[in-house]
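The structure appears right after this line, and notes come after that.
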Amino acid sequence: MQNQYQQGQVHQNMQTGAIPPQLNHGGHEVFDVHEVLSGAIGTLNTYTLLRQHVQDQELLDILDRQYQFIQDEYNISLECFQSGQDPSKRTESYKMNQGNDFIYGLTPTQPKKPLQSVSEITDECISGLMLGAVKSAASMKAMAALEITNPVVRRVFADSVPNCIEMAYEISIYQNKHHYYQVPQLAQQDMQQMLNSYAPAQGNNNNNNMSH
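Under our numbering, the sequence shown has 151 at position 154, and the numbering climbs by one with no breaks.
Here is the structure:
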């Protein structure tokens, strides 16, 4: 992660002249950042609503750690968006507490269906909603970063995407351990063929070596 963000030179608007740092944003950027900030609030609200229904202490620990991290990132993003300058707190890297071993293969489970009432909510449902929220955040932040012109906000959002990926991975590992998230594999022969479908690129694209 970048600890310090380049603030760049004073930018100009062709019609109005110099742009103060807090207004150093393009129109598309403003809409995309609003989308991301609204999504972060939605995720935090979702985690708050779900927390009272969690049964498993491990899932509760994941939820609480992710909530705090998402809240901190939201505050950092909001600060640099409103100021156009470096945030007062640096962007951190999210660290999950568990290993990264997936169990492959399928075991029979009951078919999934929508809840009919809140009383039916389970840790499987809760972790699924958490996973959906952070996966959505990863997509939104990656797309927004491509449209952001402010160098500080752009870097903050770009640095946030790996954190969303890490949180999603943590939840999916938890789900996999409890058979909520099962991972089928191809037959070994098919997998071997897929693994060997490509060869390394060779040579270089030096036009000086091409004949005329």
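Think of the CB as a built atom: it goes at the ideal place given N, C-alpha and C, for glycine as much as any other residue.
Alpha-carbon to alpha-carbon, residue j and residue i
i	j	result
residue 54	residue 65	17 Å
residue 104	residue 47	27 Å
residue 135	residue 28	17 Å
residue 143	residue 51	36 Å
residue 177	residue 202	48 Å
residue 40	residue 145	22 Å
residue 100	residue 74	36 Å
residue 97	residue 160	15 Å
residue 189	residue 197	17 Å
residue 120	residue 49	11 Å
residue 180	residue 167	15 Å
residue 193	residue 185	12 Å
Contact under 7 Å by Cβ, residue i with residue j
i	j	result
residue 138	residue 157	yes
residue 132	residue 165	yes
residue 37	residue 91	no
residue 43	residue 130	yes
Residues sharing a beta bridge with residue i, DSSP
i	result
residue 101	180
Residue i: CB within 6 Å of a non-hydrogen atom of the ligand NAD
i	result
residue 47	Questions concerning the ligand NAD fall outside what the structure shown contains, since it holds no ligand whatsoever.
inquiry  = So, does the region 164 to 184 touch the region 118 to 133, judging by three or more C-beta pairs under 8 Å?
reply    = yes
query = Does the count of Cβ pairs from the region 148 to 156 and the region 73 to 80 closer than 8 Å reach three?
reply = Using a Cβ-Cβ distance cut-off of 8 Å, the region 148 to 156 and the region 73 to 80 are in contact, since at least three pairs of beta carbons, one from each stretch, lie closer than that value.
inquiry  = Which complete alpha helix (DSSP H) runs does the region 145 to 192 hold, if anything under 4 residues is left out?
reply    = Under the rule that a run must span 4 or more residues, the alpha helix (DSSP H) segments found entirely inside the region 145 to 192 read 148 to 174 and 185 to 192.
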